[in-house]
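Here's the structure we're looking at; comments come further down.
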Amino acid sequence: MSEPLFKGFGDKALPFLKALDFHQNREWFLENKELFEAHLYEPLGDLVEDLIARFEKAGLPFKGDRKKSQFRIKRDTRFAKDKSPYNRHLSALLSPDGSKWTETGCFYVCVGLEDYRGCYAAVAWWQPKGELLTAMRKSIVTKPEKYRAMVEALRRNGLELRDSDRLKRTPRGFDDVTDADLIEALRNRSFVVRHAIDPGAITAPELADDLFDFALRSRPLIDWGRSIEGTLVTEVATL
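Under the working numbering, the first residue of the sequence shown carries the number 3, and numbering increases by one thereafter.
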């Protein structure tokens, strides 16, 4: 058996982010760039590669690249009120096509300060647009047993479907729905399960095992979304 690629984040990973939160200037970052790369950037790349290999073997639709899947620690502040030049977290996203910018089911991992994002992972259909979101909502109404079975399977796996940015009103065209759980689902902008990561555990190689287990437990959500996405592909193919 080959030795696991991911050895854990460096012990200075979170202390670096705390110091960066205090300094927030290019000069300090450049002076400490080697520390950033050794304790955060390269370990996250190792984690990405480790998980990609595991996901492929398990048939989970999450692909990526050790570099391209990572989000930049430097912020785009052009339209932000907070003009701090650097994020207080480092994160990566894996998706079916390997892109970071996708509305299909994705896997996200973040290492950060608790006051900002914290350490966590998520599997999500994140803000699906247009046809896909409409198809999901129609499926919830026309096939409620499948939606409820997915939610129950997640619950048995210790996960809860949630959306912190849910609509306040039921979307137009679904006003006749009366079941409380379906109304709540219809108001979702995203379909997300989240897994908290113990900050004290990020330096251990077992973090990869923990995240892989989480992804496996999230499979009911992945499969539910993919089945709906598949109906759209079929409809287009028959036109």
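Just so you know, even glycine gets a beta-carbon here, dropped at the ideal spot from N, CA and C.
Asked                                                                                             : Found
Straight-line gap, Phe231 to Pro130 (C-alpha atoms, nearest Å)                                    : It should be pointed out that residue 231 corresponds to Glu in this sequence rather than to Phe. Each residue's alpha carbon lies about 10 Å from the other.
Beta-carbon proximity of Lys65 to Asp99, cut-off 8 Å                                              : yes
Where Asn89 falls, given that 16 or more other Cβ within 10 Å makes a residue buried              : buried
According to DSSP, residues forming a beta bridge with Ser101                                     : DSSP output for Ser101 lists no bridge partner at all.
Cβ-heavy atom distance, Leu218 to the ligand ATP, below 7 Å                                       : As for the ligand ATP, it is missing from this structure, which has no ligand bound.
Span of the alpha helix (DSSP H) around Leu92                                                     : That residue, Leu92, is in no alpha helix (DSSP H); its beta strand (DSSP E) goes 91 to 96.
For Arg221: DSSP bridge partner residues                                                          : For Arg221, which the question treats as bridged, DSSP gives no partner whatsoever.
Cross-strand partners of Ala55 (DSSP beta bridge)                                                 : Beta-bridge pairing links Ala55 to no other residue.
DSSP-derived helix/strand/coil call for His197                                                    : strand
Beta-carbon proximity list for Gln26, same chain, < 8 Å, skipping 5 on both sides                 : Ser86, Pro87, Tyr88
Of the listed residues Gly160, Lys102, Lys148, nearest to Val50 (C-alpha basis)                   : Lys102
Phe109 in three-state terms, based on DSSP                                                        : strand
Between the CA atoms of Val113 and Ile75 - distance to the nearest angstrom                       : 11 Å
Phe149 - containing alpha helix (DSSP H), residue span                                            : According to the sequence shown, residue 149 is Tyr rather than Phe. Here the alpha helix (DSSP H) through Tyr149 covers 146 to 158.
Within the segment 39 to 84, ranges of the alpha helix (DSSP H) (whole runs, at least 4 residues) : 44 to 60
Within 8 Å, strictly: CB atoms of Leu156 and Leu223                                               : yes
Local conformation of Gly114 per DSSP, three classes                                              : strand
In DSSP terms, what Asn126 is bridged to                                                          : First, the residue type needs correcting, since residue 126 is Ala and not Asn in the sequence shown. DSSP output for Ala126 lists Cys108, Val194 as bridge partner(s).
Helix, strand or coil at Arg171 [DSSP, three-state]                                               : coil
DSSP-derived helix/strand/coil call for Arg189                                                    : coil
Ser71 vs Ala40 beta-carbon contact at 8 Å                                                         : no
Distance between beta carbons of Leu46 and Leu92, contact taken as under 8 Å                      : 6 Å
Cα-Cα separation between Ala35 and Lys9, rounded to whole angstroms                               : One detail in the question is off: residue 35 reads as Lys in this sequence, not Ala. Their Cα atoms are separated by approximately 20 Å.
First and last residue of the uninterrupted alpha helix (DSSP H) at Glu29                         : 28 to 33
Arg1 versus Lys140, Cys108, Thr104, Pro201, residue with shortest Cα-Cα distance                  : This structure gives no information on residue 1, because the portion of the chain shown stretches from 3 to 241.
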